[in-house]
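Let me begin by presenting the structure, written as structure tokens, before commenting on it.
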Amino acid sequence: MKSPGSNPIEPSELTYNDGLFLVKLARQAIEKYVAEGVKIEPPKDTPEKLTKPGMAFVTIERYSEIKELRGCIGFLQPITPLVKTVINAAIAAATEDPRFP
């Protein structure tokens, strides 16, 4: 995936719809990885700005009678495209958080 320029995306550049896109992507990444052991690729309809390097922190919570933390992992260096960072953080939060074996 090409990255338009090497400048990281700034949080102020993200819109509400970008957030919805990334949350949906995180959920899809977790579901595919848990069900099939496969890491998804960023979708073809990814907005171009989300291919810029970016930081992400993914938190997974379970809701029953109370909200329960089930995993959270973040990548705080903008090294990879934001969409890939979200995919990687989501999978790591679901499968690698050492607090939840």
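Each residue of the sequence shown is one higher than the one before, counting from -3 in our numbering.
All C-beta atoms, glycine included, are put in the ideal place defined by N, C-alpha and C.
Just so it is clear, the structure is predicted and the values come from calculations on it, not from any experiment.
Do Glu92 and Ile56 have their CB atoms nearer than 8 Å?
no
Best match in Ile62, Thr42 and Arg58 for proximity to Val82 [C-alpha to C-alpha]
For Val82, the nearest C-alpha among the options comes from Thr42.
Which of the three DSSP states, helix, strand or coil, is assigned to Thr55?
strand
Leu18: first and last residue of the uninterrupted alpha helix (DSSP H) it sits in
For Leu18, the uninterrupted alpha helix (DSSP H) segment begins and ends at Tyr12 to Glu32.
Run through the DSSP bridge pairs and tell me what Leu72 is partnered with.
Answer by DSSP bridge pairing: none, since Leu72 is not bridged.
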